[in-house]
Amino acid sequence: MSQRIGYYPGCSGAGTSMEYDASTRAVCARLGLALQEVPDWSCCGSTPAHTVDHVLSAALSARNLELAAEAGLETVTTPCPSCLANLRVAGHKMEKEGFRNQVKALLETECASLATVKSTLQVLLEDVGPEAVKAKVVRPLSKLRVACYYGCIMNRPPEVMQFDDPEHPMSMDTLLEACGAEVLPFPLKVECCGAAAGMPRKDIVTELSGRLLDVAAGMGVDAIVTACPLCQMNLDLRQGQVNSARGTSHAIPVFYFTQLMGLAMGLSSSEMGISKLAVDPKPCLEQAGVL
Amino acid sequence: MKTISLQKPDVQFIREVRERSGQEPSHCYQCGNCTAGCPYNFAYDIPVSRIMRLLQLGRREEILQSKSLWLCATCQSCTTRCPNRIDVARVMDVLRHMAREAGYATERNVKAFGDAFLESVEKHGRVYEVGILATYVRKTGRFWTDVELAPRMLPKGKLSLKPHTIQGAEHIARIFRRYRGEPDPVAKNGGEKK
Ligand code: SF4
Ligand code: SF4
Chain A
1 MSQRIGYYPG CSGAGTSMEY DASTRAVCAR LGLALQEVPD WSCCGSTPAH
51 TVDHVLSAAL SARNLELAAE AGLETVTTPC PSCLANLRVA GHKMEKEGFR
101 NQVKALLETE CASLATVKST LQVLLEDVGP EAVKAKVVRP LSKLRVACYY
151 GCIMNRPPEV MQFDDPEHPM SMDTLLEACG AEVLPFPLKV ECCGAAAGMP
201 RKDIVTELSG RLLDVAAGMG VDAIVTACPL CQMNLDLRQG QVNSARGTSH
251 AIPVFYFTQL MGLAMGLSSS EMGISKLAVD PKPCLEQAGV L
Chain B
292 MKTISLQKPD VQFIREVRER SGQEPSHCYQ CGNCTAGCPY NFAYDIPVSR
342 IMRLLQLGRR EEILQSKSLW LCATCQSCTT RCPNRIDVAR VMDVLRHMAR
392 EAGYATERNV KAFGDAFLES VEKHGRVYEV GILATYVRKT GRFWTDVELA
442 PRMLPKGKLS LKPHTIQGAE HIARIFRRYR GEPDPVAKNG GEKK
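These protein sequence lines map, in sequence, to chains A and B. The opening position of the first sequence corresponds to residue 1 in my numbering, with each subsequent residue numbered one higher. The opening position of the second sequence corresponds to residue 292 in my numbering, with each subsequent residue numbered one higher.
This is the structure:
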């Protein structure tokens, strides 16, 4: 299989979640997916854009969908749920002609064709599939007990996302199981971690992320597995802040699902950016025999 | 328990929210599903189902001055669970637009952070984290409360000290100018589109 698919890393992929970007590219390459970066992609505006104006937000997203289509990429994949939500909502709303015309006026382009967008999770599950993943595993994660945490917007709202179950998604569980991990049923898999409130309202993030860490710890997991740069940052980088705000002493490693998939498929820990994580993941990976 | 009086609904306000959100507020029958699942409820001054009720009653000022509008994370829990298929998160988004236009910002730091983010996008075409922090500190007068995180990120190379400016940055800047209705300096860029 050598399927060419557009790739939209999102701004955090070039900075705070560079290990997600690197591991996504490497895992896709190993699975025969040829990713081609959307030429000169720009920021989708993230949450701030749609909280200011829906047309502005859609214009920032549509620029990328148009550039992708012009480069001959019918489908674009992004690992970031926030980018995914913006790009998909833009495409969805632009099906209405009145809205589309307003976006065109801001963009000064025709928007004659726009690429469609899928999460990298969806592409790995549907276009590659768990059997093909399993076939590439050389170091099964059989001693690893994990909780898969999807975050709030990867699969919601269902009318727009049209993938997996909006209340009880299983795609990441399935892929990690294909890599040999023991995936425990995590009841808070779509609860919000506090999202972008970190800087202006840290109290909200420590409360919401704190609940997630408490429940995962109570289940006895070795690690939490995420698919979102913001979730990963709140749970991992801010784990110390959570501990001091709530009087806990969690030390749970928080991986991107692509990092664990890569390790299982024999990619090196430096390729997977394991040293970029804040909570030391070494003991957990050593015990699992993948380091 | 607080009750809501049925005096003087602002009918124009209800109509405007209906048009801008494409949602029908009167479909809400106050089941409370949205509030039950709202992860931010503990930080809200008005729960989301109560905002829907106030909206039905056209209580413009109470709603636009609510802190909840600024705290809503658009997590889509309410939208996903509403039995009447109301896109509640979209209603919250539209209410925040209207609060902004009316000059309210009851969670000032949340607004400052969003503004700093968008300024960065307008300038470079992509987000430049360190630039956002600088703008945020300038706008709020608050030194970055996350300063303890920097030593954990810098050695890992996660905070770029240079902006990632793209070729199409001028196109992005034009999108923002057009959005604000500012005149386009077309002559200067020679009609170049992207
Ligand atoms: S879930 Fe829907 S119907 Fe129920 S209270 Fe909320 S908005 Fe109203
Ligand atoms: S979208 Fe906003 S109002 Fe709705 S449940 Fe999430 S935080 Fe609450």
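Each residue gets a CB set at the ideal place from its N, CA and C atoms; glycine is no exception. Owing to the predicted nature of the structure, the values given are computational and were not obtained by experimental measurement.
Residue i CB to nearest heavy atom of ligand 2 below 7 Å
i, result
"B/S357", "no"
"B/S340", "no"
"B/P330", "yes"
"B/T365", "yes"
"A/M261", "no"
"B/V379", "yes"
"A/M265", "no"
"B/C325", "yes"
"A/M272", "no"
"B/S368", "yes"
"B/M383", "yes"
Among the options, the one whose alpha carbon lies nearest that of residue i
i, options, result
"B/I305", "B/C329, B/R350 and B/I337", "B/R350"
"A/A264", "A/M219, A/E74, A/C179 and A/S275", "A/C179"
"A/V290", "A/K118, A/M272, A/Q162 and A/Q239", "A/M272"
"A/A292", "A/P158, A/M199, A/L230 and A/L235", "Past the boundaries of the shown model lies residue 292 of chain A; chain A is included only from 1 to 291, so the question cannot be answered."
"A/L124", "A/M18, A/Q241, A/G15 and A/A34", "A/A34"
"B/K414", "B/R344, B/H462 and B/A380", "B/H462"
"A/S119", "A/H250, A/A278, A/Y8 and A/R238", "A/Y8"
"A/R145", "A/Q162, A/Q122 and A/P185", "A/P185"
"B/L362", "B/R381, B/R311 and B/Y335", "B/Y335"
"A/V117", "A/L107, A/C148, A/K143 and A/L73", "A/L73"
"B/Q321", "B/N375, B/F333 and B/P300", "B/N375"
"A/C228", "A/Q239, A/D214, A/T258 and A/S244", "A/T258"
"B/R471", "A/H92, A/D214, A/V55 and A/I204", "A/V55"
"A/A105", "B/N324, B/Y427 and B/F467", "B/F467"
"B/S368", "A/I204, A/I274 and A/C193", "A/C193"
"A/L67", "B/A464, B/G328, B/K299 and B/Q458", "B/Q458"
Through-space distance from residue j to residue i, alpha-carbon basis
i, j, result
"A/A115", "A/C11", "19 Å"
"A/L208", "A/D222", "20 Å"
"A/M219", "A/E286", "21 Å"
"A/M172", "A/P166", "13 Å"
"A/P169", "A/R100", "31 Å"
"A/C44", "A/V89", "11 Å"
"B/L355", "A/D53", "16 Å"
"A/F255", "B/K449", "16 Å"
"A/G6", "B/Q314", "34 Å"
"B/C373", "A/K276", "40 Å"
"A/T75", "A/C28", "15 Å"
"B/G394", "B/M383", "17 Å"
"A/T16", "A/C80", "12 Å"
"B/R309", "B/C319", "13 Å"
"A/V137", "B/R311", "50 Å"
"B/L440", "B/P316", "43 Å"
"A/Y295", "A/N155", "Since the first residue shown for chain A is 1 and the last is 291, residue 295 of chain A is missing from the structure and cannot be characterised."
"A/E37", "A/Q232", "23 Å"
"A/I224", "A/G98", "43 Å"
"A/T24", "A/G13", "10 Å"
"A/L260", "A/A132", "16 Å"
"B/G482", "A/Q102", "Annotation note: pLDDT 44 at B/G482 (below 50); position unreliable, coordinate value reported separately. So the two alpha carbons sit approximately 21 Å from each other."
"B/E420", "A/P158", "31 Å"
"B/V302", "B/I377", "20 Å"
"B/N400", "A/M199", "9 Å"
"A/C111", "A/K202", "40 Å"
"A/L107", "A/Q162", "27 Å"
"A/A288", "A/P281", "11 Å"
"B/V412", "A/I153", "22 Å"
"A/I204", "A/S57", "25 Å"
Residue i CB to nearest heavy atom of ligand 1 below 7 Å
i, result
"A/P157", "no"
"B/Y320", "yes"
"B/I337", "no"
"B/R309", "no"
"B/R372", "yes"
"B/M343", "yes"
"A/N101", "no"
"B/N375", "yes"
Cβ separation of residue i and residue j, assumed to be a contact under 8 Å, to the nearest whole Å
i, j, result
"A/C191", "A/L176", "It is worth fixing the name first, because residue 191 of chain A is Glu in this sequence and not Cys. Rounded, the Cβ-Cβ distance is 19 Å, inconsistent with contact."
"A/G266", "A/R139", "6 Å"
"B/V385", "B/M343", "Contact flag wrong, Cβ pair sits at about 13 Å."
"A/P48", "B/L409", "5 Å"
"A/H250", "A/Q239", "6 Å"
"B/T370", "B/R381", "7 Å"
"A/A195", "A/L141", "The pair is not a contact, with the Cβ atoms about 29 Å apart (cut-off 8 Å)."
(request) May I ask you to list, following chain order, the residues of the stretch 62-75 of chain A that have a beta carbon less than 9 Å from some beta carbon of chain C? (result) Of the protein chains in this structure, namely A and B, none is chain C.
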